[in-house]
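In the working numbering, each number is its position in the sequence shown, counted from 1, plus 168. Worksheet for the structure shown next.
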Amino acid sequence: MILIDGKKVSASIQEKIAAEVKELANAGERPPHLVAVLVGDDPASQTYVRNKINACKKVGFKSTLIHLEPYTSEAKLLQVIAGLNADSEVDGYIVQLPLPSHISQQKVIEAIHPSKDVDGFHPMNVGRMVLNLPAYVSATPYGIMQLLEHYRIETSGKHCVVVGRSHIVGSPMSILMARNTPIGNATVTLCHSKTQNLKEITLTADILIAAIGRPWFITADMVKPGAVVIDVGINRVDDNTSPGGYKLMGDVDFENVKARCSYITPVPGGVGPMTIASLLKNTLLARKKIIY
Ligand code: NDP
169 MILIDGKKVS ASIQEKIAAE VKELANAGER PPHLVAVLVG DDPASQTYVR NKINACKKVG
229 FKSTLIHLEP YTSEAKLLQV IAGLNADSEV DGYIVQLPLP SHISQQKVIE AIHPSKDVDG
289 FHPMNVGRMV LNLPAYVSAT PYGIMQLLEH YRIETSGKHC VVVGRSHIVG SPMSILMARN
349 TPIGNATVTL CHSKTQNLKE ITLTADILIA AIGRPWFITA DMVKPGAVVI DVGINRVDDN
409 TSPGGYKLMG DVDFENVKAR CSYITPVPGG VGPMTIASLL KNTLLARKKI IY
């Protein structure tokens, strides 16, 4: 079994990005600028945004955090977004999800200009991704594709089972794996909570991608021997022995599944670090105006 080291791959991608930022500086150009918009005080969202801002600093990007009060109105947020769309010094920005319930997430996503939508959530980017046109691809699925590429995992003709169909992970993942691209060309089955006989399906997966949000949902008896297992799940589970009072668990029962598979991502240290690397990559693409 080979442990897929997302931390290492992410670090090497970030080194390459930092080198490109230096090249820009040598050419007298400004660095990429990412803005993160955070509404409210959700602790997990605060951690995610802080990690993104820190990652920007490390590679030499300019970054700005716009932290809005939890009761910020939808109109006010849309005004902030309009300002970011118009600001030529901002290459890309993210609005951290989830948003408070009084704000329409879809309205906000559609207000982001596609050329600055480095999270790849705007329908224009999703549609272009489906059509295999240049697009910002949602960071987590994009990160997984880079892991598969880095470890030279054969995907062509393989049966890939994705469990979870969210707009940000499962659905784009299934499309990417099915596209006619070097990493892709898989035969894909997309499963969700209404799927019947899930175990029968996962047992046929050469590549199993779990994006469910339930700790240790995928057990060893659901995994085909020799499968590649990608665990997207990040679940905070109460744990009195941990300093923060919680520990992170994946969607896969790692200890028991690892003995059965050929490759597996750990949690933490697998898919998570790749998500940040992908966001930085998208921001660099935005700075260089490569997609739009
Ligand atoms: P969502 O809650 O949006 O989606 C979960 C999906 O799992 C849904 O499609 C749901 O089906 C499906 N599901 C739920 N229960 C079952 C079941 N019993 N059997 C089969 N399918 C089921 O989650 P996300 O996609 O946003 O996130 C999934 C996990 O990945 C979470 O743990 C999240 O924290 C993590 N994550 C990690 C990231 C990273 O950087 N590593 C980034 C983003 C997310 P249905 O559609 O029918 O409800």
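Note that CB positions come from ideal geometry on N, CA and C, so glycine has one too.
- Boundaries for T357: no alpha helix (DSSP H) harbours it, while the beta strand (DSSP E) harbouring it runs T355 to C359, taken from the DSSP string.
- Under DSSP, the beta-bridge partners assigned to I398 are I377.
- Relative to the non-hydrogen atoms of the ligand NDP, the Cβ of N403 comes within a distance shorter than 7 Å of at least one.
- The DSSP-derived three-state label of N293 is helix.
- Inclusion of T443 in the 7 Å shell around the ligand NDP follows from its C-beta lying nearer than that to a non-hydrogen atom of the ligand.
- Per the C-alpha coordinates, the member of A445, I321, L371 and R404 positioned closest to V391 is L371.
- Residue ranges of uninterrupted beta strand (DSSP E) with 3 or more members, entirely inside the region 229 to 315 and ordered along the chain, are 230 to 236 and 260 to 263.
- In the three-state DSSP reduction, R218 falls in the helix class (H, G or I).
- Annotated three-state conformation of K415 is strand, per DSSP.
- Judged by pairs of C-beta atoms under 8 Å, the region 426 to 446 touches the region 309 to 322, as three or more such pairs exist.
- Per DSSP, A204 is not a residue of any alpha helix (DSSP H); the beta strand (DSSP E) it occupies stretches across H201 to V207.
- Just measuring C-alpha positions, the residue of A388, A193 and L416 sitting nearest G401 is L416.
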